[in-house]
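Here's the structure, in structure tokens; my notes come after.
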Amino acid sequence: LAKTTQPISMDSYEGQEVNITCSHNNIATNDYITWYQQFPSQGPRFIIQGYKTKVTNEVASLFIPADRKSSTLSLPRVSLSDTAVYYCLVGSGTYKYIFGTGTRLKVLA
Amino acid sequence: DGGITQSPKYLFRKEGQNVTLSCEQNLNHDAMYWYRQDPGQGLRLIYYSQIVNDFQKGDIAEGYSVSREKKESFPLTVTSAQKNPTAFYLCASTFGGGSSGEQFFGPGTRLTVL
């Protein structure tokens, strides 16, 4: 299973775009990259998933370079309610999801 | 509405007691999971089950046991052998496809040992 590395924490101001990068140097050919969001005392919530290039949905974008050794979650115009922990996961064909410590994003007014 | 329910929300246990945490899903998902989360930490996998009557140990299975007699239910028992059981416990499910499938999480159970 590919190990991921993310920044421990980030601060941002309301209205700014936030980019959180995840490194996964040992990603396998069949692995997908998935991001989850977790608020305190709640279960994580799926944000976005991708395999290569760029994926966009109503809440975020995911950028994956050609070598797939990293990925960047982009949150446009964050608000205070985006303060949460964000997890990057990689894997495929296995039921053993590996959650790291995640990135604690704090959005300031 | 489809989803995952966990009960109870809060649970207190005396040392030496076994307790069982409930997890039910009506999403018709094949796979179910149990995670443990300690303060300021990520999620650690305790057990997972791909299909009924089958389950596998995760990374921290010692002191825990599970059963999967029905597709919609995956209870977790925290036994007295678990030395430090105070934590937040999360149950999840996926339709299938391993880790390329979206996990849906329940609201969690916070267990405190008195």
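Chains as they are written, first to last, in this note's numbering: chain A, 1408 to 1516; chain B, 1186 to 1299. Virtual Cβ for every residue (Gly too), placed ideally from N, Cα, C.
If only uninterrupted beta strand (DSSP E) runs of at least 3 residues are considered, those enclosed by the region 1208-1294 of chain B are 1216-1222, 1228-1234, 1249-1251, 1261-1263, 1272-1279. Under the three-state reduction of DSSP, residue 1438 of chain A is assigned to coil, being neither helix nor strand. For residue 1493 of chain A, none of the residues of chain B pass the 9 Å Cβ criterion, the least Cβ distance being about 11 Å.
A buried status is given to residue 1234 of chain B, since no fewer than 16 other beta-carbon atoms sit within 10 Å of its beta-carbon.
Rounded to whole angstroms, the separation of the alpha carbons of residue 1257 of chain B and residue 1205 of chain B is 16 Å. Judged by DSSP in its simplified three-state form, residue 1474 of chain A adopts coil rather than helix or strand.
A contact between stretches requires three or more CB pairs, one per stretch, nearer than 8 Å, and the region 1422-1432 of chain A fails this requirement with the region 1247-1255 of chain B.
Look at the region 1444-1461 of chain A: the residues with a C-beta under 8 Å from a C-beta of chain B are 1448, 1449, 1450, 1451, 1452, 1453, 1456. Apart from sequence neighbours up to five positions away, the residues of its chain that approach residue 1490 of chain A with a beta-carbon distance below 7 Å are 1512, 1513, 1514, ordered along the chain. Residue 1419 of chain A carries a strand assignment under DSSP once its states are collapsed to helix, strand and coil.
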